[in-house]
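Right, one structure below, let's go through it.
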Amino acid sequence: MNKTELIDQIANGSGLTKVDARKALDATVKAIKDALVAGDKIALIGFGTFSVNERPAREGINPATKQKIKIAAKKVAKFKAGAELSDAIN
Numbered sequence: 001m002n003k004t005e006l007i008d009q010i011a012n013g014s015g016l017t018k019v020d021a022r023k024a025l026d027a028t029v030k031a032i033k034d035a036l037v038a039g040d041k042i043a044l045i046g047f048g049t050f051s052v053n054e055r056p057a058r059e060g061i062n063p064a065t066k067q068k069i070k071i072a073a074k075k076v077a078k079f080k081a082g083a084e085l086s087d088a089i090n
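Every letter in the sequence shown is one number past the one before it in UniProt numbering, and letter 33, counting from 1, is 33.
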């Protein structure tokens with residue numbers, strides 16, 4: 001499902017127009033992004049939790065040259081599905 005199809009589903013399920021559904025989705029995504037950038041955790045009961053994890057620096061291998069390279073530490077977004085979502089999938 002892409003963003004346009006998701007907007008259609010939101011509009012059909014909520015009775016909103018597609019324009020309003022797009023605005024609602026964009027505002028939701030922005031709020032989640034802003035919270036993650038600030039280092040906050042977002043917990044949506046029954047759906048899941050968004051958080052930020054830190055990956056430490058590590059050593060890797062360049063597959064083309066087989067030389068060792070250093071991979072810098074970085075932060076990554078993480079999503080853990082909630083119990084209701086996991087049960088619905090399985």
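Just so it is clear, CB atoms sit at the ideal spot from N, CA and C, and this is done for glycine as well.
Report the start-end ranges of each beta strand (DSSP E) in the stretch 4-87 that is 3 residues or longer and not cut off at the edges.
Runs of the beta strand (DSSP E) lying entirely within the stretch 4-87, each at least 3 residues long, are 42-44, 48-55, 58-61, 68-71 and 74-81 in chain order.
Write down the C-beta distance between Ile7 and Leu36 rounded to the nearest angstrom, noting that I regard them as a contact closer than 8 Å.
Actually they are not in contact, since the Cβ atoms of Ile7 and Leu36 sit about 22 Å apart, beyond 8 Å.
Pairs of beta-carbons, one from the stretch 8-16 and one from the stretch 34-54, closer than 8 Å: are there three or more?
Under the Cβ criterion (8 Å, minimum of three pairs), the stretch 8-16 does not count as touching the stretch 34-54.
If you check the beta carbons only, do Ala57 and Ala72 fall under 7 Å apart?
In this structure, Ala57 lies near Ala72, with their beta-carbon atoms less than 7 Å apart.
Quick one, which of Phe79, Asp20, Ala21 and Lys33 has its alpha-carbon nearest Thr49's?
Nearest to Thr49 by C-alpha distance, out of Phe79, Asp20, Ala21 and Lys33, is Phe79.
Which same chain residues, not among the five before or five after Ile69, have their C-beta less than 6 Å away from its C-beta?
So the qualifying residues of the chain are Gly60 and Asn62.
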